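Contents: one structure, followed by commentary.
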Amino acid sequence: MNLLKSISILLLFASSALYAQEERLTLTPQERADRATKQMTEKLSLNEDQVFAITFVNNDFYASSKDRPNFREMSTEDREAFREEMKGKNEIYQASIQAILTKEQFEKWSQLQGEGRGSQSGERSRRGQRGN
259 MNLLKSISIL
269 LLFASSALYA
279 QEERLTLTPQ
289 ERADRATKQM
299 TEKLSLNEDQ
309 VFAITFVNND
319 FYASSKDRPN
329 FREMSTEDRE
339 AFREEMKGKN
349 EIYQASIQAI
359 LTKEQFEKWS
369 QLQGEGRGSQ
379 SGERSRRGQR
389 GN
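So that you can map any letter, position 89 of the sequence shown is 347 in our numbering, and since no number is skipped, the others follow by simple counting.
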């Protein structure tokens, strides 16, 4: 009976450890663009013309980021150059979005973007903590 109890407890702990290491979803650039467009349509109440324009901008932006290199294999100089390139692409993306949305929609979108980044950094800061 003790052996059965011990095995049950061991299986319980092993299954919880496996569950804790869930994998991240890897979406294709097209899936990421579609997902971003859908979220923007729902949260910003976009009209048909805006949805069409946003779809085009999102497809272009996410397609250009599909060949993302592995940072661990890059030199420091290459990483910096890549960051600068992405920063430029992001500024163009922001300007394109701003040109399509109304002032109120853009403010709401900017606020939603800030909230998303805040939750991501919170997740990153908790990753390495143990015993909490």
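Don't be surprised by glycine CBs; every beta carbon is placed ideally from N, CA and C. What you are looking at is a predicted structure, and each value in this text was computed from that prediction instead of being measured.
Check whether residue i and residue j have beta carbons under 9 Å apart
| i | j | result |
| --- | --- | --- |
| F319 | S354 | yes |
| I358 | A311 | yes |
| P287 | S264 | no |
| L254 | K296 | Lying before the first or after the last residue shown, residue 254 is absent from the chain, which here runs from 259 to 390. |
Residue i, DSSP secondary structure in three states
| i | result |
| --- | --- |
| L304 | coil |
| P287 | helix |
| N328 | coil |
| S322 | helix |
Separation of residue j from residue i, as counted between CA atoms
| i | j | result |
| --- | --- | --- |
| N317 | R337 | 24 Å |
| N348 | E335 | 20 Å |
| T284 | N305 | 29 Å |
| E362 | R341 | 30 Å |
| E365 | Q308 | 16 Å |
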